[in-house]
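Inspection log for the structure reproduced underneath, given as structure tokens.
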Ligand SMILES: Cc1ncc(C[n+]2csc(CCOP(=O)(O)OP(=O)(O)O)c2C)c(N)n1
Ligand SMILES: Cc1ncc(C[n+]2csc(CCOP(=O)(O)OP(=O)(O)O)c2C)c(N)n1
Ligand SMILES: [Mg+2]
Ligand SMILES: [Mg+2]
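Residue numbers (this note's numbering), protein chains in the order written: chain A, 1 to 322; chain B, 323 to 644; chain C, 645 to 995; chain D, 996 to 1346.
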């Protein structure tokens, strides 16, 4: 495949933005600036970005509890996100959602979801809207390896086939659901073959290779837009951090993460590929790195300065009975 | 396979009992003697009996809304059942359950279930009890083609594999879920292959052939008792009546049922096989027919004469707060 | 304008309209709104029926026949039969509502919320609030409720208190055909998720229902009977029973207000409080189980906000704290009867 | 014996026992009962942790560490990690309870009842009744509830009114470590399904907890403070707040009864009514949303059964009718505060 330079720059910038957003979230969480439960997604950037680079603002995605990466990849405002996870009034969801409930309907981001298996049924609905209204838009749901066994997800696979919905089920297999290994929790050979048995094309891809993800997804996107129905994709990926910020990760092998960072870092791989092929120069990447770092600094700065929600916000955005 | 005469007599008697119980239920329902919603299972006898002939009283089954046949096959008292579906005080569940909630724990009948997909999660629990308590007992859940897509069922398949439970998932594919065809509601190629993709052996069998069911199930039962974990079986069967008694069945083809009754009646097939092979004589079968007919007559007679529950029963068998 | 006045306005407007059943009224509302608004779709099990079969399409039109004839008019694209997977159905309806459609999803029996409750209470109900006002989720969940048909413990529940408890949901419980039509049109046009509960035993009940579309606003009770001796609040299938009791008492010169809240979330507190201020006596008739019920809810509102007017204890006439028994004999005892309502009223009048 | 007397007996028996946290008390109850009864098992997500991983077993011992150490003692056969499939977990627990085990199943957050509610309310809760008394379903569902940790709209609910509404379920809400241990032992030994709700913000709270096993019967409230000027009923994490308010008022010479029902189904009506008969004034503090809540339930009981004693309106101090906001600032406003409780009390005292 042939890649435009702009495309590569955007891909890299987005992955890098996710990486730094997550790394900074950890720092700010530990400083006490981010409340609640936070699940970061660094290590999984290539899946989010490889997928979302195919999508427009009118396509929609549904995400998980680990949704920062998906949100950034889908175009959510990074500063608005940082404000949101700090619970500020000017956050993307006015501080009412938080890390597990970032949404931006204008960007086709239908929401992070704190219920495991939350997105697939909802994305069927978004796909149904597109189909019923005669649009070419598609929906993409993200689900983890742990979430892949949840009944809501399995039901959604069947309904998507029955109604031939333009819905891509992206399963991010990062090998863990909290502290449980996929080899234990998943009775099936793998996620893809089980999803495929529901009656849709199913593929597996190395989720740490941006190019592999992007290219694998291409066929599924085309099929969905052309009325060919749903596809499942299992992306083999890695979680660089704990399940949540603060997780002591006792269930991991010694040096496991160190090894993963060395061998399966999607950003390193991307950099090696694009410089190796001569598509981008190291200096260009460095410039992006700096720009992204500046953006994240600014996001934190603005978020820390942003106002807390007004008490009156407690009872707005919902019909209140008494 | 070699069959004992007693075995054949019992198999036939049980199937015939189900058939006449169901046919009589229709009559008594139409006479106004049976209240509520009633789903009869005639046509599907070979599945219930071919399965349950492998089981003892300490093995358990979990059933569906269409549970009369399973109950009879598992050894529930037919008279107690007739009383129950007529809502009488001396019914198997004191008249509080009705057709959709027949249970008899002494017989290992864990209950009919009016929630589609109800049995499989519960039967995992029964199988877990057997395993944890070091017994050789097994559990069998029945689910319809329509129910096979319910999230509870799909989750249960996975958990059974993960915990290696002695649980046989029997899927009765009678081609319809209410008035919807399986070809529409099931996105998968078939139920068996989808179940198999969860990581367990899965088989298909002609559910109108008692011998085929009995023999197919044998391996699964042995595997379960020997600690080999779960199995799924899809039985291709037929529903001779509507979804519920009174269903106008507009969704069926003209003469469809007539044809099924002629070509796929498990009782006819059984009779032909056993007389053809010289295992039982027609006269022996006729004697059984008469004995069963008498039993059903007696059941109806006793049920009609049985007392209604005492008003005090309204608040027994449950902790009542106020 | 007081609630009593509001209610009367509506009642007069129905004069000399054709008589229709509750079932027909809901069907008509759905049809009219589907004609008017191409984004309205229907989905659920057997809402048409016959998909993938050799026989007729529209074989059921809903197991209670409520959506009959809609698929032939609007096609399978807008009247969508689904597999038996309620989480997938309600989830799809919610996601579709977020993205431009106005789905009316059917749960054949409301008892089935057990297998899709997350989609209702954690998803659809919360989007607007937790996304800071960004989401709109204009969907209706239609479902049948109630005992009286010997449908057994898993097909006879009310469960409206469970959804009335949940912020973000609106809950509608029409007691007659006229209200059913007007409330359904409001429900479809509402931008929040609405739970629309149809009592099985009301489908064949009839009253005058205008042919033209009309809406009834949420949060406005109707006064079925008027009188200042006692206030009876009744819901859904309990309304005809309360009316019957009021009529009987009226012949003895006892005048009861019979208030049908029609929507329980929002609830027309004003109408109830106004009546209790006059009567000082309140009986609430609710077929649901008693604990944390709507009956309890209304009693708690009255004792909080109309305390000084109360002249007697507040009585709840509800089902007992038991599952619904199958036996028709027991089931009759389970449901609040006219006798029990009358007895509660008389006790309060003597108190 | 009056409830007050009952409660005092217990309190004295705890004198000079070692101090333990709520978390430790529950852990100890589970361990002791698992030692005593081989049919007790634990199942749920991460109840041990580390299954199928290269690292440590018992890596979590529950995400709040409540079951830590149990897997090493009892093995994976009795402390069973599961996939993230709550219907399968609760269904398996119910089926196992029907067939000889006494499972303690964990729902990490009670908010997850949405994906397994059928197993709870239509299955486990109903077996005994609908099978005519044949079934026993001795299972416990442990779950964390409540706001206060900025866990957001889908991880911060109470939802106890939803299960208290359901016949066939028992619902336990300990407010301190001592009660948690005694109630857990009763829950495991109970032959009905018990919902055991642990408030996240209480895990680190401490009090004296005897080492030996002891049980606290269901349906017996405890009196945390005694006084006849006003009755404050508070639940779970609201109990310490109510106590603090009572202590503050006591310094002004106002004597409040603070009643902790400890189990809400069954509910110790007697204790509440007895106190209201004395005080004539009732405030109920419930972190749940207000509609069809336990606060409403208790208010409705009081106005039905202690009407003549009431000297003021009954006040409910609850969360608003909104989802739980993420922002810590808003979340603090969401939960009933000492200020709001105090204000409600003062209003009633002036009424
Ligand atoms: C229905 C439900 N069950 C359990 C949880 C608690 N929980 C949150 S994330 C998680 C693990 C999810 O694992 P996976 O799907 O693999 O996603 P990952 O965390 O690896 O991104 C669990 C069990 C939840 N939020 N929702
Ligand atoms: C959760 C749930 N959804 C829907 C229903 C209504 N319902 C009862 S039986 C049935 C069809 C079941 O079809 P299938 O599983 O094939 O069993 P069959 O009736 O053919 O025996 C439906 C939709 C139900 N009882 N429970
Ligand atoms: Mg994972
Ligand atoms: Mg079927």
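By construction, the Cβ of each residue, glycine as well, lies at the ideal position given by its N, Cα and C atoms. In this text the structure is predicted, and so the values were computed from the model without any measurement.
Under the three-state reduction of DSSP, residue 123 of chain A is assigned to helix. Placement of the Cβ of residue 387 of chain B at a distance of less than 7 Å from at least one heavy atom of ligand 2 is found. For the options B:460, B:471, B:394, B:507, the alpha carbon positioned closest to that of residue 490 of chain B is the one of B:460. Between ligand 3 and the CB of residue 868 of chain C, the shortest heavy atom gap is not smaller than 7 Å. In the same chain as residue 995 of chain C, and ignoring 5 residues on each side of it, the C-beta atoms closer than 7 Å to its own belong to 956, 957, in chain order. Three or more Cβ pairs drawn from the segment 922-942 of chain C and the segment 788-808 of chain C lie within less than 8 Å of each other, which places the two stretches in contact. Residues of the segment 1075-1088 of chain D that bring their beta carbon within less than 9 Å of a beta carbon in chain A comprise 1076, 1077, 1078, 1079, 1080, 1081, 1082, 1083, in sequence order. Runs of the beta strand (DSSP E) lying entirely within the segment 187-260 of chain A and spanning at least 3 residues, in chain order: 202-206, 231-236. For residue 495 of chain B and residue 161 of chain A, the gap between their C-alpha atoms comes out near 19 Å. Of all residues in the segment 775-797 of chain C, the ones placed with a Cβ closer than 8 Å to any Cβ belonging to chain B are 793, 794, 795, 796, 797, in chain order. Residue 969 of chain C reaches chain B at 418, 636, counting residues in chain order whose Cβ is nearer than 7 Å. At a cut-off of 8 Å between beta carbons, residue 367 of chain B makes no contact with chain C. Proximity of residue 1049 of chain D to chain A, defined by a Cβ-Cβ separation below 8 Å, is satisfied. Look at residue 1202 of chain D here: in three-state DSSP terms it is strand.
Within chain B, the residues 471, 506, 507, 508, 509 have their CB atoms less than 9 Å from the CB of residue 162 of chain A, given in chain order. With fewer than three CB-CB distances shorter than 8 Å, the segment 21-30 of chain A does not count as touching the segment 91-98 of chain A.
The beta-bridge partner set that DSSP reports for residue 793 of chain C is empty. A heavy atom of ligand 2 is found nearer than 7 Å to the CB of residue 496 of chain B.
For residue 1133 of chain D, same chain residues with a beta-carbon under 6 Å away, outside a window of 5 residues either side, are 1092, 1097, 1186 in chain order.
The C-alpha of residue 404 of chain B is placed about 17 Å away from the C-alpha of residue 429 of chain B.
Residue state for residue 1321 of chain D is assigned as coil, using DSSP reduced to three classes. For the set B:365, B:409, B:488, the Cα lying nearest the Cα of residue 631 of chain B is the one of B:409.
CA-CA distance, residue 1106 of chain D to residue 1152 of chain D, rounds to 6 Å.
If you check each beta-carbon in the segment 1284-1296 of chain D against every beta-carbon of chain C, the ones closer than 9 Å belong to 1284, 1285, 1286, 1287, 1288, 1289, 1290, 1291, 1292, 1293, 1294, 1295, 1296.
Nearest C-alpha to residue 984 of chain C among C:777, C:687, C:931: C:931. In the structure shown, the three-state DSSP call for residue 458 of chain B is coil.
Within 9 Å of the CB of residue 264 of chain A, no CB atom of chain B is found; the nearest one sits about 26 Å away. Buried is the label assigned to residue 366 of chain B, since at least 16 other Cβ atoms lie within 10 Å of its Cβ. For residue 949 of chain C, the enclosing alpha helix (DSSP H) stretches over residues 938-949. Within the segment 189-211 of chain A, the residues whose Cβ lies closer than 9 Å to any Cβ of chain B are, in chain order, 189, 193, 194, 195, 196, 197, 198, 199, 200.
Listed along chain B, the residues sitting closer than 7 Å to residue 1036 of chain D by beta-carbon distance are 454.
For the 8 Å CB-CB criterion, residue 1016 of chain D and residue 1198 of chain D form a contact.
The beta carbons of residue 883 of chain C and residue 901 of chain C sit about 13 Å from each other, so the pair does not count as a contact at 8 Å. Residue contact check for residue 165 of chain A against chain B: no CB pair falls below 8 Å. Within chain D, the residues 1148, 1317, 1318, 1320 have their CB atoms less than 8 Å from the CB of residue 773 of chain C, given in chain order. By the beta-carbon neighbour count (other beta carbons within 10 angstroms, threshold 16), residue 1069 of chain D is buried.
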